[in-house]
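In our numbering, the protein residues as written are 369 to 619.
Heads up, the beta-carbon is just placed ideally off N, CA and C, and yes, glycines get one too.
Contents: one structure, followed by commentary.
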Amino acid sequence: YLTGSYTEHLLKKKRYDVVHVNGLGAASNAYMYACARTNIPFVLTLHGLISFGSEVKVSLFMKNLEREYFKCIKDNSVAYTTVISTGIKNRLAKVTNTPLNHVYVVCNPVLNIEREVASVYSKQECEKIVVCVGNISANKNQKLVVDAFGKMCRDNKDSKFKLFVIGGQYEELEEYAKTNGYENIVFTGALQRDDVYGYYSVADLCVMASLEEGFGLSLVEGYSFGVPCVMPVSIDAFPDLYDEECCISAQ
Numbered sequence: 369y370l371t372g373s374y375t376e377h378l379l380k381k382k383r384y385d386v387v388h389v390n391g392l393g394a395a396s397n398a399y400m401y402a403c404a405r406t407n408i409p410f411v412l413t414l415h416g417l418i419s420f421g422s423e424v425k426v427s428l429f430m431k432n433l434e435r436e437y438f439k440c441i442k443d444n445s446v447a448y449t450t451v452i453s454t455g456i457k458n459r460l461a462k463v464t465n466t467p468l469n470h471v472y473v474v475c476n477p478v479l480n481i482e483r484e485v486a487s488v489y490s491k492q493e494c495e496k497i498v499v500c501v502g503n504i505s506a507n508k509n510q511k512l513v514v515d516a517f518g519k520m521c522r523d524n525k526d527s528k529f530k531l532f533v534i535g536g537q538y539e540e541l542e543e544y545a546k547t548n549g550y551e552n553i554v555f556t557g558a559l560q561r562d563d564v565y566g567y568y569s570v571a572d573l574c575v576m577a578s579l580e581e582g583f584g585l586s587l588v589e590g591y592s593f594g595v596p597c598v599m600p601v602s603i604d605a606f607p608d609l610y611d612e613e614c615c616i617s618a619q
């Protein structure tokens with residue numbers, strides 16, 4: 369209530385032409401109501417769809433909030449909505465059973481990469497660096513990457529490949545790799561963004577194996593450093609990010 373009232377006060381005072389609401393939530397819901405009460409249009413960005421399936425761990429309140437917003441989209445009672453990938457828009461169109469001409473795809477940007485990035489790893493001659501970035505989870509599916517890389521190195525003893533798995537909650541997967549005798553795999557843990565960029569700067573390949581993904585920021589980050597990628601066709605942003613010149617699609 370306080371958030372909505374204060375926002376309404378600011379909107380009446382400033383009289384903005386349009387307001388951007390970043391994601392759905394209790395606070396953003398208050399922002400939208402404040403916009404409605406002051407007759408100021410807003411654009412809401414949906415970063416993903418959370419009201420489908422039990423694998424998304426959010427409250428029932430949040431899922432119901434998203435479903436209510438879907439009704440507003442279908443009834444054309446909101447001016448504009450942006451989503452971060454074509455796949456999300458397609459799924460939203462299926463749920464609402466409308467063409468969604470007023471919903472636009474605006475992909476996530478990568479910020480602050482123009483400055484010089486310090487390398488965090490001294491690359492050896494002929495060495496090939498593979499990076500896999502993201503918090504370790506069943507959905508991110510890093511175990512598949514570790515298995516494939518570990519078996520490749522086991523079958524090619526003279527290979528000069530090294531895999532860096534970058535992300536938090538890695539201990540269980542690290543122990544799994546050790547138990548299976550996988551070599552040339554480094555688990556860095558969670559890193560600051562500049563350090564992650566440091567690994568991209570020496571990488572030869574960026575790999576993603578997510579089962580589901582609303583966007584795929586690590587792929588865009590890799591692209592920004594000129595690093596080609598392996599991308600699963602199942603992610604929502606596949607139509608937006610895939611280019612045969614710099615990407616291998618994975619089933």
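What is the rounded straight-line gap between the Cα of residue i and the Cα of residue j?
i, j, result
"S396", "T464", "21 Å"
"E495", "V426", "42 Å"
"I408", "F420", "31 Å"
"S373", "F438", "24 Å"
"R383", "L412", "18 Å"
"D523", "F429", "50 Å"
"A398", "F606", "33 Å"
"I497", "L433", "43 Å"
"D608", "T371", "36 Å"
"L468", "V570", "42 Å"
"D604", "L392", "19 Å"
"Q560", "A486", "12 Å"
"F410", "R459", "22 Å"
"T556", "I418", "29 Å"
"S490", "V473", "39 Å"
"R435", "E612", "36 Å"
"E484", "C440", "45 Å"
"A404", "L378", "13 Å"
"D526", "E493", "13 Å"
"K431", "T547", "40 Å"
Would the beta-carbon of residue i fall within 7 Å of that of residue j?
i, j, result
"Q598", "V575", "It should be noted that the sequence gives Val, not Gln, for residue 598. Yes, the pair counts as a contact, with Cβ atoms nearer than the cut-off."
"F593", "Y610", "no"
"V488", "D572", "no"
"K381", "T406", "no"
"E376", "A394", "no"
"V478", "E589", "yes"
"Y550", "G584", "no"
"V389", "M400", "yes"
"H470", "Y448", "yes"
"K511", "S578", "no"
"V451", "K442", "no"
"A545", "V514", "yes"
With distances taken from CA atoms, which of the options is nearest residue i?
i, options, result
"V595", "L579, G582 and G566", "G566"
"N503", "E493, A516, S586 and L417", "S586"
"C614", "A605, Y591 and L512", "Y591"
"E581", "N469, A545, K442 and G455", "G455"
"A516", "A618, E436, T371 and C440", "A618"
Below 8 Å on the Cβ atoms is my contact criterion, and I expect residue i with residue j to pass it. Report the Cβ-Cβ distance as a whole number of Å.
i, j, result
"I534", "V501", "5 Å"
"G536", "A558", "4 Å"
"F529", "C521", "6 Å"
"S453", "C475", "7 Å"
Using a Cβ-Cβ distance under 7 Å, would residue i count as near chain B?
i, result
"V451", "Any reference to chain B falls outside this structure, which holds one protein chain only."
What do you reckon, is the C-beta of residue i under 6 Å from a heavy atom of the ligand NAD?
i, result
"G536", "Of the ligands one can find in the structure shown there are none, so the ligand NAD has no counterpart to examine."
Do three or more CB pairs link the segment 454-464 to the segment 535-542 at distances below 8 Å?
Taking 8 Å as the limit for Cβ pairs, the verdict is that the segment 535-542 does not touch the segment 454-464.
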